[in-house]
Amino acid sequence: MSKNNLTVETINKTLEWGYEKALHGLPGTDNIFELAESYLSKNSTVDEAIDSLIRWQNTKAATSGFLTGLGGLITLPVAIPANLASVIYVQIRMIGTIAYMRGYDLKNDKVKTFVFACLVGQATFDIFKSVGIKIGEKLTEQAIKKISGEVIKRINQAVGFRLVTKFGEKGIVNLGKTIPLIGGIIGATVDGIGTNSIGEISKKVFNENPVGDLAACQIN
């Protein structure tokens, strides 16, 4: 697939696919909830568990054994390279796990939108600023409900455009050479498109949240 074939619609469908698979798991892999419990059980605090998760994504990301579990990628709902979809899946699972460990409800569509937004790296905050959302100050759940459907739609559109540009710049062909679907390592490429940065941004977006909603956001 060339850059010209990678559209916002294709990216958005892949994000939805990746989110669903991250929640329910692919054969041989942990879903978000299992991954979270695994890291929480091995670390004394949530922050330590999150940092450990991010380090794992950077150093191991996916061994050949992990990729074997991604065989479900062949059932992609859209025509997108399986190796690119695997990167999206791995990163969505990481972001979702961070959100879950911080107490967010992953069944909330607004939370899902924020997970997708973290995929664009530093541009996440530019997108939020453009729609009047400020990250980092905790408000009541009532304030969060002010995030309208139109704002969510605008965020999703902006994320789609950013990701088309991001993956287009990195080069789908190069991704293909670096990440064989089965029997290889995608760690270098995952790191190359900013997994560490995405992890750190996810920590800022998904602050500790005992009420289980997007209480770390302020609507200006």
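At position 9 of the sequence shown (counting the first as 1) the number is 468 in my numbering, and the numbers step up by one without a gap.
We put the CB at the ideal spot given by N, CA and C, even for glycine.
Candidates the options, of which the one nearest residue i by Cα
i, options, result
"Phe620", "Phe584, Val579, Lys588", "Val579"
"Arg514", "Lys663, Glu659, Arg561, Asn567", "Glu659"
"Ile425", "Asp568, Gln616, Val618", "The chain is shown from 460 up to 679; residue 425 falls before or after that span and cannot be answered."
"Gly562", "Asn502, Ala495, Thr473", "Ala495"
"Met553", "Lys593, Lys612, Phe492, Ile592", "Phe492"
"Ile614", "Phe626, Ile586, Val623, Lys625", "Ile586"
"Phe665", "Gly555, Ser497, Leu485, Trp476", "Gly555"
"Thr466", "Asn655, Thr624, Ser661", "Thr624"
"Ile557", "Ser503, Lys472, Glu507, Gly484", "Glu507"
"Ile657", "Gln581, Gln616, Ile592", "Gln581"
"Glu468", "Phe584, Val546, Ile539", "Ile539"
"Asn471", "Asp564, Lys571, Ser661", "Lys571"
"Phe584", "Ser661, Val546, Leu474", "Ser661"
"Ala544", "Gly627, Leu474, Asn655", "Leu474"
"Thr654", "Gly487, Phe573, Leu512", "Leu512"
"Phe626", "Asp510, Gly487, Gly484, Val546", "Val546"
"Asn490", "Leu565, Val590, Val505, Asp510", "Leu565"
Anticipated Cβ contact below 8 Å, residue i with residue j, distance rounded
i, j, result
"Ala576", "Val618", "5 Å"
"Ala481", "Tyr559", "Not a contact, Cβ separation roughly 10 Å."
"Lys663", "Ile594", "6 Å"
"Ile551", "Tyr498", "With 8 Å as the limit, Ile551 and Tyr498 do not qualify as a contact, their Cβ atoms being about 16 Å apart."
Chain D within 7 Å of residue i, Cβ atoms only
i, result
"Lys571", "Structure shown: chain D not included; a single protein chain is present."
Problem set entry | Contiguous alpha helix (DSSP H) assignments of at least 4 residues, all confined to the segment 547–587 | 568–577
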